[in-house]
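Here the structure is laid out as structure tokens; the discussion comes afterwards.
Residue numbers (this note's numbering): 9 to 188.
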């Protein structure tokens, strides 16, 4: 009979939920069925590199939120899930949700997101968060992780909007009730 250590079991459980989160986000509805999402899972030294970049941003920008989140990710995250979107219009003749008259006009400003890009990302993030909740995994959605991941081009240089989920399995969710 093998003895399975709780720490090993928790790491496996968190990683398995992270994988399910990616699948839930992938299968979430997308406008016109167009996929602009990119996702990855970070573990080990990749989490530490991400947290160090968050810390560097916090120091450079004199932003205590990045410093707080960097410390939180560095010391509590067992896994980090990244979800981002490329900026690509859907080629619609009539829309205007992005503020432009149509996709042709929006495409003249390639750095401005199509409303459907951010909407699809939000739906995917919501689906992933539901999986984390159903799996009873500690999590929080952090834009600070996304800013660092974008700077590091983890999901690719063409992925312009990114959010991150630090994940853990502990007695109390370490990603809430943090110091300012």
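C-beta: ideal position from N, C-alpha, C; glycine also.
In this structure, DSSP gives residue 42 a state outside helix and strand, which the three-state scheme calls coil.
Using a Cβ distance threshold of 9 Å, residue 88 and residue 65 do not count as a contacting pair. In this structure, residue 46 keeps its C-beta atom at 9 Å or more from the C-beta atom of residue 139. The beta carbons of residue 58 and residue 157 sit closer together than 9 Å. Distance from the CA of residue 10 to the CA of residue 178, rounded to the nearest whole angstrom, comes to 23 Å. Of 52, 185, 148 and 165, the smallest CA-CA separation from residue 172 is found for 148. Taking all protein chains shown into account, residue 35 has fewer than 16 neighbouring C-beta atoms within 10 Å of its C-beta and is therefore exposed.
Positions of the beta strand (DSSP E) runs, each at least 3 residues long and wholly inside the segment 66-129, are given as 87-94 in order along the chain.
By the Cβ criterion, the segment 101-113 is not in contact with the segment 71-82, since fewer than three pairs of Cβ atoms, one from each stretch, lie closer than 8 Å.
Looking only at 163, 145 and 128, the smallest Cα-Cα distance to residue 42 is reached by 128. For residue 174, the pairing in a beta bridge is given by DSSP as 88.
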